[in-house]
Amino acid sequence: MTSAIFLTAMAPNLLLIGLMKSASHATLSWGDWFLGMLPLSILLVLLVPWLAYVLYPPVLKSGDQVPRWAETELQAMGPLCSREKRMLGLMVGALVLWIFGGDYIDAAMVGYSVVALMLLLRIICWDDIVSNKAA
Numbered sequence: 001m002t003s004a005i006f007l008t009a010m011a012p013n014l015l016l017i018g019l020m021k022s023a024s025h026a027t028l029s030w031g032d033w034f035l036g037m038l039p040l041s042i043l044l045v046l047l048v049p050w051l052a053y054v055l056y057p058p059v060l061k062s063g064d065q066v067p068r069w070a071e072t073e074l075q076a077m078g079p080l081c082s083r084e085k086r087m088l089g090l091m092v093g094a095l096v097l098w099i100f101g102g103d104y105i106d107a108a109m110v111g112y113s114v115v116a117l118m119l120l121l122r123i124i125c126w127d128d129i130v131s132n133k134a135a
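Right, dumping it as structure tokens:
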């Protein structure tokens with residue numbers, strides 16, 4: 001639902017930009033894409049949850065089981081480990097480059113660089129990549 005708003009959120013978005021660039025030599029930055037898709041995305045964010053609620057109404061409409069379960073799960077997870085903190089830093093860096101670095105670095109190169117840094121910083125190992133493990 002919200003992946004349409006961000007240029008780098010879905011592969012088809014980048015494919016469309018590539019096709020547009022090869023056909024017309026026009027470029028569309030991350031910010032241009034964001035502003036262009038914002039009205040539609042706001043409409044979707046408002047409409048889809050309501051529509052899901054109408055079409056598939058919840059069985060339980062109130063209760064305290066979910067907040068208690070979430071609290072228990074958060075406590076079981078514990079604080080962020082160093083690998084998670086490094087990954088958070090890489091994600092923030094990637095977002096900054098995707099948003100502001102369009103004139104200096106290609107969005108795909110940002111993605112490749114983040115994957116390479118994930119390997120170098122031992123966030124993931126090569127086996128994780130070649131075996132196509134689930135997240």
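When we follow the UniProt record's numbering, the leftmost residue of the sequence shown carries the number 1, and every step to the right adds one. All C-beta atoms in this analysis are idealised placements derived from N, C-alpha and C, irrespective of residue type, glycine included.
Continuous alpha helix (DSSP H) stretch holding residue i: start and end
i	result
phenylalanine 100	82-100
tyrosine 112	107-120
Within 8 Å, strictly: CB atoms of residue i and residue j
i	j	result
leucine 97	valine 110	yes
tryptophan 30	glycine 89	no
serine 41	alanine 4	yes
alanine 94	valine 114	yes
Cβ separation of residue i and residue j, assumed to be a contact under 8 Å, to the nearest whole Å
i	j	result
leucine 19	alanine 108	With a Cβ gap of about 14 Å, leucine 19 and alanine 108 do not count as contacting.
isoleucine 123	methionine 87	5 Å
valine 54	threonine 2	Wrong, their Cβ atoms sit about 20 Å apart, outside the cutoff.
Inter-residue spacing [alpha-carbon to alpha-carbon] between residue i and residue j
i	j	result
valine 66	leucine 74	12 Å
aspartate 128	lysine 85	19 Å
leucine 28	isoleucine 99	12 Å
tyrosine 56	phenylalanine 6	28 Å
valine 59	leucine 47	21 Å
serine 131	cysteine 125	10 Å
isoleucine 105	isoleucine 17	15 Å
tryptophan 33	proline 39	11 Å
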